[in-house]
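Shown next, in structure tokens, is the structure this report addresses.
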Ligand code: NAD
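In the working numbering, the protein residues as written are 1484 to 1967.
Okay, here's the thing in structure tokens:
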């Protein structure tokens, strides 16, 4: 197999270095090495930040519509290379090809959507208490931004950080996860084919504790936008506090799905099942725990068990029709397997699945349904991030709301009901950044993806997401009414 050797992209150039330490990247469906990436150093992260810093001054001065035109050049490149990019994502991350294709297409659309804000984002003019004065609020770029990425939607997350940053006059340094960096290097190659000025987009790779830490703490950085786990989010906040750097954190989730007795069970099963197996259960806002009203609990468990036991999995580049691929890595596989094992030891039962697959050619875990689960168990309180669905019964709507809210995460929630009053009450009483009624994820690019509690600070998408990349500058203009 042809192993690719990627280079970091700093100041419009691919760095070539003979004695660069490298990190190997695996295909999780086969455990084969598919590429090497530079194990970047703190000094290299500083070079990228310096390049972004130098480029930012003139980038910010361009009319927003010109910055938007550069973004459209990038989205065009993505569309031209969509099939190739989808394969790269599938090969290193393990998601099925149709989902990788959706990720690529959505990314191109997202960049175009953000480009459309060029003529739309606005400042304000305020009434002054003084005569002959105008007060302006300008919305201005922050400066250098950094984006630190996870591995689950690696390609889209580049754009989710880059597009609003660039449109608003910031420059950016991106660091992909070491598990799924190849798509980011391919993205940099596409950027290189556009006329984007040097230093506006930079890509570095390496470990979080070195390169990531520098991107979160360097004094030239104005905003660090991070997507990943709560544990790393805490470290990034700590690192950013050193130089009072603004943080935008999109962290984990433990989305509850509530199924009321009046719900359309067939629809609820379909949506919750799809949400739990999409991307092999590795999505921050997919259903991670289900609460079902007692009257329909047994029927729901039986039907969900049947649906989940029919889920197929395998190597997504070899078997085009499987429902899901492998988990992303050996450590993810172990983490899911250990969490389920601890639950089973504490009296939980698996109605289907419950163990690592007998197919050990990749990191496969059997699609699983768990019952006899208690609210205070780890499997209900902590993120699983795998194709494992615990189901609990409840009596009343109030009880369901209390159980759903009893969690350190607050990203996403859902409810299935035909009752408009229940739907409206749930919209107000579920303490989450997002609630889906009669469906599951995904979110819309014009929405606002943000979590309560430990699921994060700030958020992405839409107008509110764009504003994360802006800071206000108030100007008091005293003028002379006698001027001729
Ligand atoms: P992770 O926290 O392990 O790593 C994410 C990134 O942080 C990687 O690039 C890593 O190198 C870097 N990093 C690690 N330590 C660092 C440090 N000390 N300083 C700076 N950077 C550091 O997360 P992951 O395992 O890649 O991704 C899975 C997690 O991401 C899940 O918890 C999932 O819920 C979350 N996620 C959230 C959203 C959302 O929108 N809320 C979206 C996708 C994923």
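The beta carbon of each residue, even a glycine, is placed where N, CA and C say it ideally should be.
Residue 1772 is a Cβ neighbour of residue 1739, given a cutoff of 7 Å. For residue 1733, the enclosing beta strand (DSSP E) stretches over residues 1729-1733. Setting aside the 5 residues that flank it on each side, residue 1507 is surrounded in the same chain by 1516, 1518, 1519, each with a C-beta closer than 8 Å to its C-beta; the list follows chain order. Inclusion of residue 1528 and residue 1698 in the CB contact set at 7 Å is warranted, their separation being smaller than that value. Within the same chain, and ignoring the five residues on either side of residue 1667 in sequence, the residues whose Cβ sits closer than 7 Å to its Cβ are 1637, 1641, 1657, 1659, 1686. In this structure, DSSP gives residue 1913 a state outside helix and strand, which the three-state scheme calls coil. With respect to the 7 Å criterion, residue 1621 and residue 1956 are classified as neighbours on the basis of their beta carbons. Three or more Cβ pairs closer than 8 Å define a contact, and the stretch 1859-1867 falls short of that threshold against the stretch 1740-1748. Per DSSP, the continuous alpha helix (DSSP H) segment holding residue 1888 begins and ends at 1880-1888. Residue state for residue 1677 is assigned as coil, using DSSP reduced to three classes. Secondary structure remark: continuous beta strand (DSSP E) runs of at least 3 residues inside the stretch 1926-1965, in chain order: 1953-1961. DSSP places residue 1876 in the uninterrupted beta strand (DSSP E) bounded by 1871-1877. The beta-bridge partner set that DSSP reports for residue 1516 consists of 1509. Remark: the shortest separation between the CB of residue 1537 and any heavy atom of the ligand NAD does not fall under 6 Å. Within 6 Å of the C-beta of residue 1699 there is at least one heavy atom belonging to the ligand NAD. For residue 1623, the enclosing beta strand (DSSP E) begins and ends at 1616-1624.
A distance of 7 Å or more separates the beta carbons of residue 1624 and residue 1555. C-alpha of residue 1645 to C-alpha of residue 1560: approximately 15 Å in a straight line.
DSSP places residue 1714 inside the alpha helix (DSSP H), whose first and last residues are 1713-1724. Residue pairing from DSSP places residue 1893 in a beta bridge opposite 1935. Annotated three-state conformation of residue 1740 is strand, per DSSP.
Under the 8 Å Cβ criterion, the stretch 1570-1588 counts as touching the stretch 1798-1811, having at least three qualifying pairs. Inter-residue distance for residue 1755 and residue 1942 is about 24 Å (C-alpha atoms, whole angstroms).
Boundaries of the alpha helix (DSSP H) around residue 1788: 1777-1792. By the Cβ-count criterion, residue 1566 is exposed, with fewer than 16 other Cβ atoms from all chains shown falling within 10 Å of its own Cβ. For residue 1600, the distance from the CB to the nearest heavy atom of the ligand NAD is not below 6 Å.
By a beta-carbon distance limit of 8 Å, residue 1872 contacts residue 1787. Their separation comes to about 7 Å.
The beta carbon of residue 1592 sits closer than 8 Å to those of 1558, 1928, all from its chain and outside the five residues before and after it, given in chain order. Annotation for residue 1618: 1608, 1609, 1610, 1611, 1957, 1958, 1959, 1960 place their beta carbon closer than 8 Å to its own, counting only its chain and skipping 5 residues before and after. When the five nearest sequence neighbours on each side are left out, the beta carbons in the same chain lying within less than 6 Å of the beta carbon of residue 1720 are those of 1730, in order along the chain.
Residue pairing by DSSP puts residue 1488 in a beta bridge opposite 1519. Shortest gap from the CB of residue 1918 to any heavy atom of the ligand NAD: 6 Å or more. For the pair residue 1654 and residue 1538, the CB atoms are nearer than the 7 Å cut-off. Burial state of residue 1907 is exposed, judged by a 10 Å Cβ sphere holding fewer than 16 other Cβ atoms. With the rule of 3 Cβ pairs closer than 8 Å, the stretch 1746-1755 counts as touching the stretch 1883-1901.
Distances taken from the Cβ of residue 1708 to the heavy atoms of the ligand NAD include none shorter than 6 Å.
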